Amino acid sequence: MGDLAAENHAKYILTVEKKKDDIESVLMEHLRINGAYWGLTTLDILGKLTAVDQETVISWVMSCQHESGGFGGNEGHDPHLLYTLSAIQILALFNKIDTLDIQKVTNYITALQNEDGSFSGDKWGEIDTRFSYVAICSLALLKQLDKINVEKAVRYIISCKNLDGGFGCTPGAESHAGQIFCCIGALAITGSLHYVDKDLLGWWLCERQVKSGGLNGRPEKLPDVCYSWWVLSSLIMIDRVHWIDKDKLVKFILDCQDKENGGISDRPDDAVDVFHTYFGVAGLSLLEYPGLKAIDPAYALPVDVINRILLR
Amino acid sequence: MHGRPRKPSTPVDENASAIKAAKIRSIQSQFLHNHHNHTYTNESLEVNAKLIELNPEFMTAWNYRKLAFQHNISNIKPDADVAEADRIRLIIDEELRVVESALRKNFKSYGAWHHRKWVISKGNASTERELKLLNLFQKQDTRNFHAWNYRRFIAGLKNISDEKELQFTTDMINDNFSNYSAWHNRSVLLSHLLEKKVDGYFPKEIFLKEEYEFVRNAVFTDPDDQSGWFYHLWLLDQTVKVDMPKLVSSWPPHGFEITKTTFPVVLFFNEPVEGVNLHTVSVQVEKDIFKNITWSPLSANTFKCGRAWLTHLTIPLGEINSAKIFQVKVSSEDSQGIISLNGVPCSQHWSFAFTVSVCHDLQPEGQSLARILMTDENFSTVDINSNVMNLFESYFELTSDYEQFTSPKWKSEMIASEIDNYRELLTWAECKIGKLTLARLLMANDAMITDTPNTTHVEEVLQLYSELMELDPTHYQYYKDGYSLVFLKQLTSSKESLMKYCWQYKESTSSNITGPVCLRLNSLSLSRFGSLERLLWVQSLDLSHNQLHSIEGLEALQLLSFLNLSHNKLGSFTALEPLRFLKSLRVLNISYNEIGVHTVDTRRYLCSSPLSHTRDYDKKFEEFATADEKVVHFWEAYSVFGGLDVKQLDIIGNAVVDERFVLFLVKLFPGLKWLGGEELH
Numbered sequence: 421m422g423d424l425a426a427e428n429h430a431k432y433i434l435t436v437e438k439k440k441d442d443i444e445s446v447l448m449e450h451l452r453i454n455g456a457y458w459g460l461t462t463l464d465i466l467g468k469l470t471a472v473d474q475e476t477v478i479s480w481v482m483s484c485q486h487e488s489g490g491f492g493g494n495e496g497h498d499p500h501l502l503y504t505l506s507a508i509q510i511l512a513l514f515n516k517i518d519t520l521d522i523q524k525v526t527n528y529i530t531a532l533q534n535e536d537g538s539f540s541g542d543k544w545g546e547i548d549t550r551f552s553y554v555a556i557c558s559l560a561l562l563k564q565l566d567k568i569n570v571e572k573a574v575r576y577i578i579s580c581k582n583l584d585g586g587f588g589c590t591p592g593a594e595s596h597a598g599q600i601f602c603c604i605g606a607l608a609i610t611g612s613l614h615y616v617d618k619d620l621l622g623w624w625l626c627e628r629q630v631k632s633g634g635l636n637g638r639p640e641k642l643p644d645v646c647y648s649w650w651v652l653s654s655l656i657m658i659d660r661v662h663w664i665d666k667d668k669l670v671k672f673i674l675d676c677q678d679k680e681n682g683g684i685s686d687r688p689d690d691a692v693d694v695f696h697t698y699f700g701v702a703g704l705s706l707l708e709y710p711g712l713k714a715i716d717p718a719y720a721l722p723v724d725v726i727n728r729i730l731l732r
Numbered sequence: 029m030h031g032r033p034r035k036p037s038t039p040v041d042e043n044a045s046a047i048k049a050a051k052i053r054s055i056q057s058q059f060l061h062n063h064h065n066h067t068y069t070n071e072s073l074e075v076n077a078k079l080i081e082l083n084p085e086f087m088t089a090w091n092y093r094k095l096a097f098q099h100n101i102s103n104i105k106p107d108a109d110v111a112e113a114d115r116i117r118l119i120i121d122e123e124l125r126v127v128e129s130a131l132r133k134n135f136k137s138y139g140a141w142h143h144r145k146w147v148i149s150k151g152n153a154s155t156e157r158e159l160k161l162l163n164l165f166q167k168q169d170t171r172n173f174h175a176w177n178y179r180r181f182i183a184g185l186k187n188i189s190d191e192k193e194l195q196f197t198t199d200m201i202n203d204n205f206s207n208y209s210a211w212h213n214r215s216v217l218l219s220h221l222l223e224k225k226v227d228g229y230f231p232k233e234i235f236l237k238e239e240y241e242f243v244r245n246a247v248f249t250d251p252d253d254q255s256g257w258f259y260h261l262w263l264l265d266q267t268v269k270v271d272m273p274k275l276v277s278s279w280p281p282h283g284f285e286i287t288k289t290t291f292p293v294v295l296f297f298n299e300p301v302e303g304v305n306l307h308t309v310s311v312q313v314e315k316d317i318f319k320n321i322t323w324s325p326l327s328a329n330t331f332k333c334g335r336a337w338l339t340h341l342t343i344p345l346g347e348i349n350s351a352k353i354f355q356v357k358v359s360s361e362d363s364q365g366i367i368s369l370n371g372v373p374c375s376q377h378w379s380f381a382f383t384v385s386v387c388h389d390l391q392p393e394g395q396s397l398a399r400i401l402m403t404d405e406n407f408s409t410v411d412i413n414s415n416v417m418n419l420f421e422s423y424f425e426l427t428s429d430y431e432q433f434t435s436p437k438w439k440s441e442m443i444a445s446e447i448d449n450y451r452e453l454l455t456w457a458e459c460k461i462g463k464l465t466l467a468r469l470l471m472a473n474d475a476m477i478t479d480t481p482n483t484t485h486v487e488e489v490l491q492l493y494s495e496l497m498e499l500d501p502t503h504y505q506y507y508k509d510g511y512s513l514v515f516l517k518q519l520t521s522s523k524e525s526l527m528k529y530c531w532q533y534k535e536s537t538s539s540n541i542t543g544p545v546c547l548r549l550n551s552l553s554l555s556r557f558g559s560l561e562r563l564l565w566v567q568s569l570d571l572s573h574n575q576l577h578s579i580e581g582l583e584a585l586q587l588l589s590f591l592n593l594s595h596n597k598l599g600s601f602t603a604l605e606p607l608r609f610l611k612s613l614r615v616l617n618i619s620y621n622e623i624g625v626h627t628v629d630t631r632r633y634l635c636s637s638p639l640s641h642t643r644d645y646d647k648k649f650e651e652f653a654t655a656d657e658k659v660v661h662f663w664e665a666y667s668v669f670g671g672l673d674v675k676q677l678d679i680i681g682n683a684v685v686d687e688r689f690v691l692f693l694v695k696l697f698p699g700l701k702w703l704g705g706e707e708l709h
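See the structure below:
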């Protein structure tokens with residue numbers, strides 16, 4: 421089994437943060453705030469968050485805020501729930517949530533809840549259980565969860581439960597590990613996991629582990645490091661993670677590293693990116709790989725950050 | 029981001045990349061400029077279209093198009109040559125063209141699909157055109173869930189019948205069995221048709237037979253493809269499931285004799301339910317001596333639902349020592365009020381009756397408590413002639429008024445036929461899900477209630493699970509858990525099998541705590557606990573030397589006063605959450621577990637906690653521990669143990685235990701007499 425090239429991964433992230441003018445960075449500009457969250461959380465898990473200049477980051481994050489209270493993917497971009505969560509998560513990492521006008525951000529989020537309990541991603545009305553998760557996670561971190569109709573939100577999520585025990589984006593949509601993570605995370609945060617058939621879903625999830633030891637996102641698809649987060653955190657939240665072979669998964673993730681240049685890719689020998697680097701490192705943390713900070717499976721932030729916010 | 033090969037970049041690559049990047053940058057900033065200035069001219073729309081083609085995931089770019097659309101539609105200037113309706117159609121067609129071209133670049137773009145949906149919702153949609161587009165993308169990638177979702181949207185918008193869509197899934201599956209998406213949609217459509225009681229699909233046995241055949245073709249063709257097997261599991265569930273919540277067990281059992289003045293009453297259902305209260309459950313006793321009966325669910329959530337419900341009944345002082353025997357009847361009353369989490373009411377009528385006699389001298393819980401030891405020498409076998417047998421009879425022989433529906437014939441016939449089919453498959457294919465399916469079919473068969481006595485297949489099922497542990501070691505623990513559950517089911521299925529594990533505590537003065545019988549399930553390699561409905565009578569339980577990492581369900585055993593969980597794999601205090609409900613617990617042994625070793629807590633969201641908003645942070649905690657100890661172990665231990673009256677505790681062999689923690693525990697349990705074998709003063 422190879423080792424985790426922690427130093428090089430941290431260096432890789434810091435490099436990506438500075439590089440802005442190559443084609444990959446430009447094509448990712450619209451979700452830079454997501455990228456910042458992935459990079460910074462990875463650094464924190466690796467114990468290297470102090471390598472970034474906190475003030476610069478925070479002031480850039482705040483510059484992404486739109487007058488509506490929501491955050492865009494970058495400065496001058498339209499607001500959306502997906503980017504708003506990343507903004508809140510980044511501030512949480514630095515223990516600077518009080519930088520926000522909490523009421524303003526809360527109002528932006530609560531206004532996006534629909535009559536049936538679902539959430540639109542923004543004013544243009546796309547509905548998806550990903551947004552339910554984002555809204556619930558955001559408000560929980562802001563300690564404003566009671567400002568939405570939680571019961572209806574939960575009911576909508578349950579309406580997206582499928583006959584195989586998994587969850588899709590909307591009612592009737594096929595089960596997919598990413599959606600499952602969002603739904604299970606939202607149900608976990610709202611204390612609603614009793615609605616989940618843990619044995620049924622647990623089996624569907626554990627069957628994502630294929631021969632190579634990696635996890636795929638749904639049946640008969642290729643394994644991908646990002647599922648090491650989505651499938652794994654879901655399994656942990658419903659207490660069925662012992663149904664996969666953790667050692668084999670660790671090996672798969674480690675095989676996806678670019679040990680010389682840093683970074684982790686979706687599959688061994690593919691190009692690396694921040695997205696997969698984060699999911700690989702976070703996955704290893706969930707697998708209790710030594711030397712890594714513990715990460716919370718529902719809020720996707722380090723455990724000490726969550727405890728600091730919620731156990732008070 | 030996905031599927032690009034890793035290769036080192038050369039200066040030439042980097043240069044080309046920088047040039048291309050600068051070009052995109054320039055288009056991007058042009059676009060943002062137009063967007064912020066609300067410019068919606070043809071030129072600016074073209075800039076946007078170029079950008080979208082380069083980067084279909086740029087959300088703001090799609091937002092702009094919607095703004096442009098709204099702006100341009102409302103600003104259509106009267107034109108003598110072209111009618112307004114046509115102008116609108118042109119604008120719509122242009123949007124649809126931009127979406128299609130973006131989708132050809134990236135057929136998984138959320139932004140593109142949503143934009144199309146948004147435009148189509150404005151009207152003027154051609155079903156034919158949309159289905160044509162869908163066919164194109166669904167052929168390209170039969171698993172594209174965006175396309176399937178969009179298809180569902182169009183079907184809803186254009187009222188395409190479920191049957192037509194069902195035929196589409198049939199065609200897709202016939203084209204390629206390995207199409208989980210098609211099977212999934214099939215299950216959704218069939219459920220709708222069943223729900224709407226459409227001819228040919230209701231009652232369900234009509235379509236089930238055909239579906240079993242259909243899926244058999246798939247799995248027999250390629251047994252290693254998962255798609256069909258998951259569908260089969262759904263068919264099996266449709267076949268066996270009882271569509272409504274039922275009471276399956278209670279404490280006290282029907283016909284039992286209670287000899288305590290205060291005792292719990294537990295209702296145990298087959299699934300979590302809501303609505304157990306005074307109106308839905310009646311407790312009848314002469315002179316109505318039980319006042320203010322309240323039922324509460326034994327669960328961690330704030331939604332007032334649970335599989336097990338509890339109330340306490342107390343004979344009032346004035347009625348004690350009257351040498352009287354009270355008859356108590358607990359029955360369902362307006363049981364429509366008890367509903368499952370799916371909203372299905374329990375229409376079962378149930379009742380059970382027991383007696384309470386309080387003419388014995390009651391042994392008060394002794395102030396001085398001898399240490400209760402737990403090793404083999406302290407136990408002797410149970411006298412078959414003792415009262416213990418009466419207890420078991422209540423559970424295994426006396427009938428109560430829980431209605432036992434005989435399973436309809438078609439169910440047992442269908443299951444039997446499936447068992448034959450898959451036994452046959454396994455003769456020529458060493459297929460793991462095939463074996464698992466057979467095990468599930470056999471268990472389903474055994475669970476059927478038929479007129480003729482059923483032979484059980486437990487041995488065969490246990491054998492299948494053992495084979496699976498070897499055949500598929502990646503999922504070893506899944507099969508192990510399954511094995512444990514089946515093993516416990518068999519163990520608790522009859523008086524005879526249960527007796528083998530029942531022991532009597534030799535030291536009679538301690539029987540106050542241990543009760544007449546101790547159920548010793550130690551050293552059985554159990555990785556999971558179950559069959560709780562058969563164990564509500566248990567007062568004394570030994571689960572030591574197993575592999576349990578969870579004791580989920582144990583909260584239903586309300587009589588539990590002695591519990592030995594030593595030498596297991598309990599990894600956190602949150603795993604002990606069920607103990608919070610066991611107010612009778614006096615002796616607890618959790619030594620040699622794994623509390624304090626793990627950085628990951630798998631029970632964190634399944635217990636009462638501020639993290640899941642099921643419990644507020646309790647400031648009283650700080651009376652027991654300083655503010656900086658509040659995270660993790662101290663808080664969790666406080667959460668689980670606060671309020672319990674444990675007299676004897678063993679906790680050694682857990683990484684969390686140190687001097688400071690021990691002091692904390694002593695403060696937490698004011699009545700604690702024995703800690704780790706040492707007497708406290």
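These protein sequences, in sequence, are chains A and B.
All residue numbers for the first sequence refer to our numbering, where the first residue is 421 and numbers rise by one.
All residue numbers for the second sequence refer to our numbering, where the first residue is 29 and numbers rise by one.
Built from N, CA and C at the ideal position, the CB exists for glycine as well.
As the structure is a prediction and not an experimental result, all values here were calculated from the model.
Residues of the region 68-88 of chain B whose Cβ lies closer than 7 Å to any Cβ of chain A, in chain order: N83, E85, F86, M87, T88. For the pair Y615 of chain A and S278 of chain B, the Cα-to-Cα distance works out to about 23 Å. Beyond the five residues adjoining it in sequence on each side, T249 of chain B comes within less than 8 Å, by CB distance, of F205 in the same chain, given in chain order. Around the beta carbon of T88 of chain B, 16 or more other beta carbons lie within 10 angstroms, which makes this residue buried. Shown here for T170 of chain B: same chain residues with a beta carbon closer than 6 Å to its own, the five before and five after excluded, namely N207 in chain order. For C557 of chain A, the uninterrupted alpha helix (DSSP H) run begins and ends at 549-561, by DSSP.
When 9 Å is used as the limit between beta carbons, H450 of chain A is near these residues of chain B: Q56, N83, E85, F86, M87, T88, A89, in chain order. The shortest C-alpha to C-alpha distance from R732 of chain A to any of B:P36, B:K695, B:T654 is the one to B:T654. For A140 of chain B, DSSP assigns no beta-bridge partner whatsoever. Listed along chain A are A608, L613, M657, A718, each with a C-beta nearer than 7 Å to that of Y633 of chain B. With fewer than three CB-CB distances shorter than 8 Å, the region 514-524 of chain A does not count as touching the region 538-555 of chain A. The three-state reading of DSSP puts T697 of chain A in helix, counting H, G and I together. When the beta-carbon positions are compared, N83 of chain B and W544 of chain A stay at least 8 Å from each other. When DSSP reads this structure, A381 of chain B sits in a beta bridge with B:K357. Note that the C-beta distance between A456 of chain A and I508 of chain A is not below 8 Å. Rounded to the nearest angstrom, the gap between the Cα atoms of L419 of chain B and W565 of chain B is 8 Å. Residue environment analysis places T630 of chain B among the buried positions, since at least 16 neighbouring C-beta atoms fall within 10 angstroms of its C-beta. What G496 of chain A touches in chain B, judged by beta-carbon distance under 8 Å, is L60, H64, going in chain order.
With a cutoff of 8 Å on beta-carbon distance, F382 of chain B and F297 of chain B are scored as not near each other. W531 of chain B: member of the beta strand (DSSP E) spanning 530-533, first to last residue.
By alpha-carbon distance to A560 of chain A, the top candidate from A:N534, A:G585, A:L583, A:I529 is A:I529. Assignment of R548 of chain B by DSSP, reduced to helix, strand and coil, places it in the strand class. Taking a contact to require three or more Cβ pairs closer than 8 Å, the region 456-472 of chain A and the region 706-716 of chain A qualify as touching. Along the region 628-647 of chain A, the positions whose C-beta sits under 9 Å from a C-beta of chain B are Q629, V630, K631, G633, R638, P639, E640, K641, L642, D644, C646, read in chain order. Taking the CA atoms as reference points, V75 of chain B sits about 56 Å from T465 of chain B. Under a 10 Å Cβ-count criterion, W456 of chain B is classified as exposed, with fewer than 16 other Cβ atoms of the shown protein chains found around its own Cβ.
Annotated as proximal: S654 of chain A and L625 of chain A, with beta-carbon spacing under 8 Å.
With respect to the 8 Å criterion, E640 of chain A and S255 of chain B are classified as neighbours on the basis of their beta carbons.
In the three-state reduction of the DSSP assignment, R335 of chain B falls in the strand class.
Counting along the chain, P300 of chain B sits inside the beta strand (DSSP E) bounded by residues 290-302.
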